[in-house]
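Visitor: So that we are looking at the same thing, I have put the structure below in structure tokens.
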Amino acid sequence: MTGANRPENILNNPGGENEVGSATVNARPIEIPNTLTVKQLADLVQVSAIDVIKRLMRNGIMANINQSIDYEAAAAVAATLGFQAQLKAQTGKKSVSLIREIKNQQLQQVKETGGLKLRPPVITVMGHVDHGKTRLLDAIRKTNVMGGEAGGITQHIGAYQVDVNGQKITFLDTPGHEAFTAMRARGAQVTDIAILVVAADDGVMPQTLEAISHARAAGVPIVVAITKIDKPEANPERIKQQLAEAGLVTEEWGGDTICVEVSARENKGISKLLENLLVVAEMEELKADPHHPSEGVVIEASMDKTKGPLATVLVHDGTLRVGDIIVVGDIWGKIKAMFNSEGKQVRRAEPSTPVEVMGLGVVPPAGDTFIVVAGEPQARSLVEKRKSEAAQKQGSAKAISLTNLMEQVSAGRVKELNVILKVDVQGSIEPIKTSLEQLATDELKVRVLHSGTGVITENDVMLAIASKGIIIGFNANTEAGAKRLAEREGISIRNYNVIYNLVDDVGKALKGLLTPSKVEVITGRAEIRAVFPASKKQNAAGVYVTEGRITRGASVRVKRKNEIVKESIVESLRRFKEDITEATAGYECGVVVKDFDDFHVGDILEFFKTEEVG
């Protein structure tokens, strides 16, 4: 074996060429970033990408032209070509996501090579509960225009494919638009087309309108399936009228929304629906390059007792193979096995194909994106980069609110204010919606993305996250779970009981004149169960924390029979003889309140803080 084939000799004689002298004596300085693609490195050192790939292979790294490599691997290649590498200093500019960067490079390369090919469309079925989504999906599973049984992923995977005249369609079997939007909120593009299911005997319902809003927020085309047309009380024309009122005008009514009447029970209209989905897909020109490094999204994941972490992934681009090293969010692993619809092992998965993969160290969150990298060093480098970017984003990013709206506009982050509107009665929607949309300026549009009656729910918050919008309530309460989710995700919820104040605040926000309002937030409650001396001059309250948490220095009010006896601050907290800084629900402790000691057993201590809200 010659030195040219021995990895340990790569720096001394990588290609059988005498390069030591140029590398050590006449080395030219070169700045290399922390990560870059093979093509970028080739451009830097002014050699062909093929030459770079060969040198990486001699160092045990398998990579193609568009794959990302880390600084160490790039520096080793540069040294063989007579360069002295230095790590490029990071600038203060906001970095572009590595995935986006790589994808742009891939797309550019595809344009140059002509590698784009049509891929199967990915479809999500949405609609109101009990309108026939499950029965429709079951009918589609059994329908195969080619004559064979529709191939599919098992139900626990939540995705399957059917074959229509030699063309595949991928369906995501998700639990409705809530899961759909949750993934969108995480930045995952999970679907190309949405099927809106509306029952012919029931009509457009509140959840139907929510599904429309979620599909619009995702920016995907909608195909309507009017189900249950076999029922005697079915009235498709009434449904089309209701759809038109919701902004979906069907083709036969002069609009551009495809609408198909189906009966899953009698297997009517199913083939027509599938054919129309292919027509929409053709109009969308859904393409991918199967030769590129694979990337996609995690649909769902779980822990198997025998196989370990399993992730169902949907391939967006490239071909995923057994042995590939993938990065999912801030974790990575090497694919040990992949499973198809029948639970059988497969070696590869092309674009728009869902597969179950094993090999990740931990269970990844649903909605996280994955990307294939060249090797373990690249995986570790990308994971560290993502963790660093996430930390920076957490420290600097601000969610949209009315009070910071103009700041976001000036920074170029916002061009449209998306509003989720919840009111107490249906009659309030139209005047509020009209008033808000009339406030739009040349710089900033106001769009009521979704409106409805009732309480503000977690689903409303998820839609606000996905659309980067705000929630406005008019005489509408907020569910406790929705409030917690909004606080955690930084989503602004503003409630009003006077329309004038609502419109005035939004108008001021659009002009940058709105000042933050202050609200009181209850952080915890505790019941006094004993009174004992804390010192010669002051009593302490022995309490049981019933909800939330209490902290030293927090504002507190003493309530006796629902009347406020005293407002002050917590001077000290003690558990047994130990000073503590906080206590949570379910624990007992002693509380000393500044300038107050007239405690009674049964009194309630209510702890609170004042916050600014947008």
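Using our numbering, the first residue of the sequence shown is number 1, and each one after it goes up by one.
From the three backbone atoms N, C-alpha and C, an ideal C-beta is built for every residue, glycine too.
Among Gly507, Arg494, Leu605, Leu502, which has the Cα closest to the Cα of valine 545?
Guide: Reading the sequence shown from its first residue, position 545 is the one you call residue 545. Cα-wise, what sits closest to valine 545 is Leu605.
Visitor: How about leucine 172 and lysine 287: are their beta carbons less than 7 Å apart?
Guide: Stepping through the sequence shown from its first residue, residue 172 is reached at position 172. Stepping through the sequence shown from its first residue, residue 287 is reached at position 287. Contact flag unset, no.
Visitor: Pick helix, strand or coil for asparagine 501, following the three-state DSSP scheme.
Guide: Reading the sequence shown from its first residue, position 501 is the one you call residue 501. If DSSP states are grouped into helix, strand and coil, asparagine 501 belongs with the helices.
Visitor: Which residues bound the beta strand (DSSP E) around asparagine 418?
Guide: In the sequence shown, residue 418 corresponds to position 418, counting from 1. 416 to 423 is the span of the beta strand (DSSP E), which, as asked, contains asparagine 418.
Visitor: Near glutamate 233, what residues of its chain come up, given a Cβ to Cβ distance below 7 Å and the 5 sequence neighbours on each side ignored?
Guide: The residue you call residue 233 lines up with position 233 of the sequence shown. Excluding positions up to five away in sequence, the list reads Asp201.
Visitor: By alpha-carbon positions, which one of Ala349, Val506, Ile270 ends up nearest to isoleucine 140?
Guide: Mapped onto the sequence shown, residue 140 falls at position 140. The option with the nearest alpha carbon to isoleucine 140 is Ile270.
Visitor: From this set, Ile53, Lys228, Val45, which residue's C-alpha is nearest phenylalanine 619's C-alpha?
Guide: Shown here, the chain extends from 1 to 614; a query on residue 619 therefore has no answer.
Visitor: Tell me which same chain residues have a C-beta within less than 6 Å of the C-beta of cysteine 259, skipping the five on either side of it?
Guide: Numbered from its first residue, the sequence shown carries residue 259 at position 259. The residues are Val224, Thr250.
Visitor: Considering Cα atoms alone, identify which of Glu458, Lys609, Thr124, Val565 is closest to arginine 484.
Guide: The residue you call residue 484 lines up with position 484 of the sequence shown. Of the candidates Glu458, Lys609, Thr124, Val565, the one whose C-alpha sits nearest the C-alpha of arginine 484 is Glu458.
Visitor: Rounded to whole angstroms, what is the Cα-Cα separation between glycine 343 and isoleucine 471?
Guide: Numbered from 1 along the sequence shown, position 343 holds the residue referred to as residue 343. Numbered from 1 along the sequence shown, position 471 holds the residue referred to as residue 471. So the two alpha carbons sit approximately 43 Å from each other.
Visitor: Have a look at glycine 454 and valine 446 and give me their C-alpha separation to the nearest angstrom.
Guide: Taking the sequence shown and counting its residues from 1, one reaches residue 454 at position 454. Taking the sequence shown and counting its residues from 1, one reaches residue 446 at position 446. Straight-line Cα distance between these residues: approximately 22 Å.
Visitor: Quick one: grab the DSSP three-state call for histidine 450.
Guide: Counted from its first residue, the sequence shown places residue 450 at position 450. In the structure shown, histidine 450 sits in a strand (DSSP, three-state: E or B).
Visitor: Which same chain residues, not among the five before or five after leucine 439, have their C-beta less than 8 Å away from its C-beta?
Guide: For this step, residue 439 is matched to residue 439 along the sequence shown. The residues are Val446, Val503, Val506, Gly507, Leu510.
Visitor: I'd like the list of long-range same chain contacts for glycine 548, defined as Cβ closer than 8 Å, with 5 residues on each side in sequence excluded.
Guide: Stepping through the sequence shown from its first residue, residue 548 is reached at position 548. The answer, listed in chain order, is Ile522, Thr523, Gly524, Arg525, Thr584, Ala585, Phe607.
Visitor: CA-CA distance, valine 419 and alanine 211?
Guide: On the sequence shown, residue 419 is found 419 positions in, with the first residue counted as 1. On the sequence shown, residue 211 is found 211 positions in, with the first residue counted as 1. Using only the alpha carbons, I get a separation of about 16 Å.
Visitor: What distance in whole Å lies between the Cβ atoms of serine 568 and lysine 594, which are believed to be in contact at a cut-off of 8 Å?
Guide: What you label residue 594 is simply residue 594 of the sequence shown in a count that begins at 1. What you label residue 568 is simply residue 568 of the sequence shown in a count that begins at 1. Yes, lysine 594 and serine 568 are in contact; Cβ-Cβ is about 5 Å, under 8 Å.
Visitor: Output needed for alanine 366: all residues of its chain with C-beta closer than 7 Å, excluding positions within five of it in sequence on either side, in chain order.
Guide: Working through the sequence shown from its first residue, we reach residue 366 at position 366. Met183, Val298, Ile299, Glu300, Ala301.
Visitor: Is DSSP giving glutamate 487 helix, strand or coil here?
Guide: As a working mapping, residue 487 is identified with position 487 in the sequence shown. Helix.
Visitor: Please report the distance separating the alpha-carbon of threonine 113 from that of glutamate 245.
Guide: As a first step, residue 113 is located in the sequence shown; it is residue number 113 there, counting from the start. As a first step, residue 245 is located in the sequence shown; it is residue number 245 there, counting from the start. Because threonine 113 sits at a pLDDT of 49, beneath the cut-off of 50, its placement in the model cannot be relied upon, and the point is left open.
Visitor: Go through the region 182 to 262 residue by residue and report every complete run of the beta strand (DSSP E) that reaches 3 residues or more, in order.
Guide: Entirely contained in the region 182 to 262, the beta strand (DSSP E) runs reaching 3 residues are, in chain order, 193 to 199, 222 to 227, 259 to 261.
Visitor: Taking just the CA atoms, how far does glycine 308 sit from lysine 336?
Guide: For the purposes of this step, residue 336 is taken as residue 336 along the sequence shown, with counting starting at 1. For the purposes of this step, residue 308 is taken as residue 308 along the sequence shown, with counting starting at 1. The alpha-carbon atoms of lysine 336 and glycine 308 are separated by roughly 11 Å.
Visitor: How do the region 346 to 353 and the region 277 to 297 stand: do at least 3 beta-carbon pairs fall below 8 Å, yes or no?
Guide: Touching, yes, given that three or more Cβ pairs across the two stretches are closer than 8 Å.
Visitor: Using C-beta distances below 6 Å, list every residue in its chain close to asparagine 477, excluding the 5 sequence neighbours before and after it, in chain order.
Guide: Counted from its first residue, the sequence shown places residue 477 at position 477. Closer than 6 Å at the Cβ level, and outside the excluded window around asparagine 477, lie Val455.
Visitor: In three-state DSSP terms, what is glutamate 282?
Guide: To locate residue 282, count along the sequence shown from 1; it is residue 282. It is helical.
Visitor: For serine 572 and threonine 191, what's the separation of their Cα atoms in angstroms?
Guide: Numbered from 1 along the sequence shown, position 572 holds the residue referred to as residue 572. Numbered from 1 along the sequence shown, position 191 holds the residue referred to as residue 191. The straight-line gap from Cα to Cα measures roughly 54 Å.
Visitor: Whose CA, out of Asn340, Ile499, Ile222, Val372, lies closest to the CA of histidine 292?
Guide: Residue numbering aside, residue 292 sits at position 292 when the sequence shown is read from its first letter. Among Asn340, Ile499, Ile222, Val372, the Cα nearest to that of histidine 292 belongs to Val372.
Visitor: Can you check which of these residues, Ala49, Thr37, Ile123, is closest to tyrosine 71 by C-alpha distance?
Guide: Here residue 71 is taken as the residue at index 71 of the sequence shown, counted from 1. The option with the nearest alpha carbon to tyrosine 71 is Thr37.
Visitor: Quick check: is the beta carbon of lysine 231 nearer than 7 Å to any beta carbon in chain C?
Guide: As a matter of chain content, chain C is missing from the structure shown, which is built from one protein chain.
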